[in-house]
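Please read the structure below before turning to the comments.
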Amino acid sequence: MSSKRPAHRPTRVYPKAERRLLRPDIEQCPHCGERLRNSGTLYLHKYIQTMEGPLEVRAYGWRCANPACPHPEARYHAQASALRLSLPFGTYGVDVLAWIGWQRDDEHWTLAEIRRQLNARGIDISERHVGRLYHDYLTLVGGLTQEIQQRLTATVQTHGGLIWAVDALQPEAGAPLFYVLYEIHSQTAVAGTWLEQRDRDHLVAWLERFAHEAWPVNATFSDGEAALVGALKQVWPAAPHQL
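According to numbering that gives the first Met the number 0, the residues represented by the sequence shown are 0 to 242, in order.
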């Protein structure tokens, strides 16, 4: 998946879109422990089309409220929350990406059929863009590409380790859950998988593919799903986990 912003993409605005204000991934300064506060600088503002309707997403950079903090210039962002909604620079939800993949691979719909169904659900998309999102989906379920491995290695060199976040979604009633693994520092969607059984053993078997000595892990994020929390703690026992 390319990390570059596509050229000449039309800007779509949805006045009635649900508004989401994203908070940073952490609440306290990692350097001094003081609570963070909004810096007033908007760094993310975009509209995202999801299967549940459009969203207007905003996020501000936050900073430490302690004037004596050793790193007062540091800014903290809602990277995990933003990735759960859409891929970097993406204007379609991850649920749309998964829905396209499910309909294409399991229902064997053509791109034109998928486009018509999405349009009928109120999602503005062309057949060509359906094809692009399906390509992103295939890259995601394909797992670690050489480009992503290089990005993760560079992230470890810069930050001393990775921060993994895992999210699960069900884009279609009756479909299995689609789990997505993200690396927060580099804002990278690393891999995705469908799991018929929502249990710890299957999650561990999937996550263990990404446990490498060359990629130490500083922390993990997820929702409160017991099987997922347990799997993250089993695969990376030394990494603190945060909901």
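Positions of the beta carbon are idealized from the N, C-alpha and C atoms, including for glycine. Predicted model only: the values in this text are computed from it and were never measured.
7 Å CB neighbourhood of residue i in its chain, flanking five on each side removed
i	result
Q241	A218, F220
T187	I147, R150, Y181
S1	With a pLDDT of only 46 at S1, under 50, the local geometry of the prediction cannot be trusted, and the value read off the model is given with reservation. Excluding residues within five positions, none has a Cβ falling inside 7 Å.
When the options are compared against residue i, the one with the closest alpha-carbon
i	options	result
P71	I147, T49, Y178, G60	G60
L151	G130, A210, R19, D24	A210
A29	D123, P69, L20, I47	The sequence shown places Pro at residue 29, not Ala. P29 has its Cα closest to that of P69, out of D123, P69, L20, I47.
I122	G142, D94, V179	D94
H158	L180, V216, S125, D105	V216
R34	L41, I25, Y42	I25
G142	A237, A226, Y181	Y181
T10	Q27, P23, Q48	Q48
H76	M50, Q27, I113, I124	Q27
A213	F88, I113, Q156	Q156
G52	Y133, L117, V228	L117
Residue i - partner residues in DSSP beta bridges
i	result
I47	L54
Y59	L41
Y91	Q48
L35	C63
Q145	The partner list for Q145 (beta bridge, DSSP) is empty, contrary to what the question assumes.
H158	In DSSP, H158 forms no bridge with anything.
Y75	W61
Cα-Cα separation between residue i and residue j, rounded to whole angstroms
i	j	result
S80	H128	24 Å
Q107	N65	The sequence given here has His at residue 107, not Gln. Those two C-alpha atoms are separated by around 56 Å.
A16	T90	13 Å
W235	R115	43 Å
W98	Q196	19 Å
I183	R103	29 Å
L161	Q149	13 Å
R62	L202	35 Å
E224	P14	34 Å
A111	R120	14 Å
G92	R208	26 Å
T138	L86	12 Å
Y136	L231	23 Å
S38	G32	17 Å
A73	R36	12 Å
D166	W101	17 Å
R131	L96	10 Å
D198	A67	46 Å
V189	L84	15 Å
D222	P239	14 Å
I124	A226	35 Å
Residue i: first and last residue of the uninterrupted beta strand (DSSP E) it sits in
i	result
I162	161-168
T192	187-194
E17	17-21
Residue i - containing alpha helix (DSSP H), residue span
i	result
E252	Not covered by the structure: residue 252. The range shown for the chain is 0 to 242.
V234	225-234
N217	No alpha helix (DSSP H) holds N217; the beta strand (DSSP E) holding it covers 216-220.
V264	In this structure the chain extends from 0 to 242, so residue 264 is not present and cannot be described.
A172	Where A172 is concerned, there is no enclosing alpha helix (DSSP H), given that its DSSP letter is neither H nor E.
R115	110-119
Residue i CB to nearest heavy atom of the ligand GTP below 8 Å
i	result
E182	Looking for the ligand GTP in the displayed structure turns up nothing, as the structure carries no ligands at all.
Nonlocal neighbours in the same chain, by C-beta distance under 6 Å from residue i, ignoring five residues either side
i	result
T144	none
E55	A16, R18, Y46
W205	T192
S185	R150, T154
A164	A79, Y181, I183, F220
Neighbourhood of residue i by C-beta, 8 Å cutoff - its chain only, sequence neighbours within 5 removed
i	result
R57	R18, R19, L20, L21, L41, L43, H44
P175	Q169, W193, L194, E195
Within-9 Å CB hit, residue i to chain D
i	result
E224	Here there is only one protein chain, and chain D is not present.
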